[in-house]
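These notes concern the structure reproduced below.
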Amino acid sequence: MERMFDTHVIRKSRACAPVWTLTTPDEGGLDRPEKVIVPGVWEAHPALRKYRGRGVYEQEITAGGNVRVWLGGVSFRARVYLDGALLAEHYGAYTGFEALAKGIPFGTHTLRVEADNRFDADSALHIPNDYYAYGGINRPVIVEEVGGAYLAELRVTPRKTADGWAADGQIKVRNLEDRPFRGELRLNVAGQEESLEIDVPGNSVIEYTLSVRCGDAEDWSPEHPALYQAAATLWQAGEAVDDLIDRIGFREIRVEGGKILLNGRRLRLRGFNRHEEYGAFGLAAPVEAMMQDLHLMRDLGANCVRTCHYPNDPRFLDLCDETGMLVWEESHTRGLSEAQMRHPRFMEQLTQCTREMVAQHGNHPSIFIWASLNECADDTVYGAACYREIFALLRELDPSRPVTAALLERPGGTVYGDMDVVSVNIYPGWYHNTPAGEGLEQKRLEAVRNGGEGKPFIVSEIGAGAIYGFHDPFGEAKWSEERQCAILREQITAVLSHPDVTGILLWQFADVRVAEEWAMNRPRTYNNKGVVDEYRRPKMAYQVVKELFKTLP
Ligand code: ADA
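In this text, residue positions in the sequence shown follow the numbering used here: the first is 772, and each later residue adds one.
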């Protein structure tokens, strides 16, 4: 299932069968084709643990007419073919895209998806990094049959009015035929409906707006995550010909007086950075594991998760909506120098990822802030210009949420004044020995003096490493569970007892595999700063974090 609820009751839409045939044409691959599960990453196969190359996935589908295949995520370059004809190409593992075959005969067809996780000169975002660039079809694949016109996108933004809640819809209708599509568009939110006569010229996409008054619909909040259905339907000659269903929550986010307000209530964030990764399943964590992560984070006293460093699986976001977990979502970038940001395709690829993130995830009520460009070169003129361009894009795509970026712990930041919320990554006690309270205050004052005055301030990363099961009874050795406990205790206490801090996001929830190139500073070739390991076995720090998250104000 692509989402945690039905996204269509009229459109013919179904998940692709899960068992595909995988062949690996490049060196170091399989000797013969293998059956594998989709979604999945090929590193889950023992022979492909370190394979970097192309993976060709094949599957038979039975469909006809206008066939729309939705691929939720392919890591990290994709080519999609139907019966040998190229339908779509896509870059980036963490957002979905469609492949459309118009007017094909009804019957069985071969769907072929070529995934490629080789780093090459064309890839600006996927590079060897402090997390692993897996290969494969990592999110669900959906096969749909659509008519001559279909609903291509539905964005719904809640708005508080004098008469209670309203929902503003932006709906894209795509006409695949040469002649115009004349019909009616309806938007139903929380049981209230509005409609519009539409006339979509041939071979075009038109965006319509429709607002629905929802009166006394209940507010969405972390404590009471009330969700409502938002359904667009397309009608022609008195018949419903297509639909697109999503869910929304009624809440508004405002930044005011140094605070982030959700429906007027101040947010105090405590939570985790979480990579989308789970032990042997890599990037393609099963939905059961996603839910367990949320239960573990809740048990730890968290109310917020950061999707470092890329957009997450919509199923995880659905579960956050349902359980009231606040989400910081960011488009894909981590730790790029100015030279890397000057890559000729960098802004194009980042812009595409950012646009897809907002278009595909904009309805999730749990997402309260957008971010991008984690720890890039904001201290250079060129780098800062890229930050400003992405902030402007995020604001243009979605004026209803604040924007931020997690900045590196070094002096010289120049974009504090350009974000709505100031966020910094600091590692006192781990990468240097400044006492946590002092390190925090230095960074906060630097932000205040350089444009960040009066803005909410989030510690978007702080943490320390420990190898699961490695103990030092004296509590001194780095990488021991005892030392991690001591450092985290000092860090969390310093941050949560500071009156001007809006929140803390620990680095990190679970240990994650990193690129081979990073292995020298990363024992086990893992980033070991998790409070649980990659199989969610709790380290000693689990109890420390739980105690502090639950007792500090
Ligand atoms: C950075 C970065 C993370 C991770 C972390 C660390 O702040 O944003 O991706 O690399 O440091 O473990 O050092």
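Where a beta carbon is used, it is the ideal one built from N, C-alpha and C, also for glycine.
- As computed with DSSP, proline 1199 is found in a beta bridge with His1203.
- Of the residues Asn1083, Ala937, Val1174 and Gly1225, the one whose Cα lies closest to the Cα of glutamate 965 is Ala937.
- Cβ atoms of valine 1012 and valine 983 stay farther apart than 8 Å, at about 21 Å.
- Residues of the same chain with a CB within less than 6 Å of the CB of glycine 836, apart from the 5 flanking positions on each side, are Glu916 in chain order.
- Residues of the same chain with a CB within less than 7 Å of the CB of glycine 1133, apart from the 5 flanking positions on each side, are Arg926 and Asp1169 in chain order.
- Leucine 981 and leucine 1015 have their alpha carbons spaced roughly 15 Å apart.
- Contact annotation: leucine 1054 and asparagine 909 have beta-carbon atoms nearer than 8 Å.
- Per DSSP, the beta-bridge partners of alanine 1011 are Trp1006.
- In this structure, histidine 1103 has its beta carbon at no less than 7 Å from each heavy atom of the ligand ADA.
- In the structure shown, arginine 1126 falls within a helical segment according to DSSP collapsed to helix, strand and coil.
- About 20 Å separates the beta carbon of alanine 1281 from that of glutamate 1253, a gap too long to meet the 8 Å contact definition.
- By the Cβ criterion, the segment 1017-1028 is not in contact with the segment 1103-1123, since fewer than three pairs of Cβ atoms, one from each stretch, lie closer than 8 Å.
- Pairing proline 911 with methionine 772 gives a Cβ-Cβ distance under 8 Å.
- Under the three-state reduction of DSSP, tryptophan 1278 is assigned to coil, being neither helix nor strand.
- The DSSP assignment places complete beta strand (DSSP E) segments of no fewer than 3 residues inside the segment 816-893 at 825-842, 848-853, 856-862 and 868-887, in order along the chain.
- Beta-bridge pairing by DSSP links threonine 932 to Gly935.
- In this structure, the ligand ADA has a non-hydrogen atom nearer than 7 Å to the beta-carbon of tryptophan 1278.
- Given a length threshold of 4 residues, each whole run of the alpha helix (DSSP H) inside the segment 1184-1251 is given here in chain order: 1207-1218.
- When only Cα atoms are considered, histidine 880 and alanine 834 end up about 8 Å apart.
- The alpha helix (DSSP H) runs of length 4 or more contained entirely in the segment 921-1006 do not exist; there are none.
- Within the segment 1085-1163, the complete beta strand (DSSP E) runs of at least 3 residues fall at 1097-1101 and 1138-1142.
- Within the DSSP bridge table, the entry for glycine 1053 names Tyr1049 as partners.
- A residue is called buried when at least 16 other Cβ atoms come within 10 angstroms of its Cβ; alanine 1177 meets this threshold and is buried.
- In terms of side-chain proximity, the C-beta atom of aspartate 1092 is found no nearer than 7 Å to any non-hydrogen atom of the ligand ADA.
- In the three-state reduction of the DSSP assignment, arginine 1077 falls in the strand class, which pools E and B.
- At a threshold of 7 Å, lysine 1300 counts as near the ligand ADA, since its beta carbon sits closer than that to one of the ligand's heavy atoms.
- Looking at the backbone, the Cα of serine 1143 and that of leucine 801 are separated by about 37 Å.
- By the criterion of at least three beta-carbon pairs nearer than 8 Å, the segment 1065-1079 is in contact with the segment 1097-1105.
- The three-state secondary structure of lysine 1300, taken from DSSP, is coil.
- DSSP places valine 1058 in the uninterrupted alpha helix (DSSP H) bounded by 1058-1070.
- Within 7 Å of the C-beta of cysteine 1079 there is at least one heavy atom belonging to the ligand ADA.
- Look at aspartate 901: its beta carbon is less than 7 Å from one of the heavy atoms in the ligand ADA.
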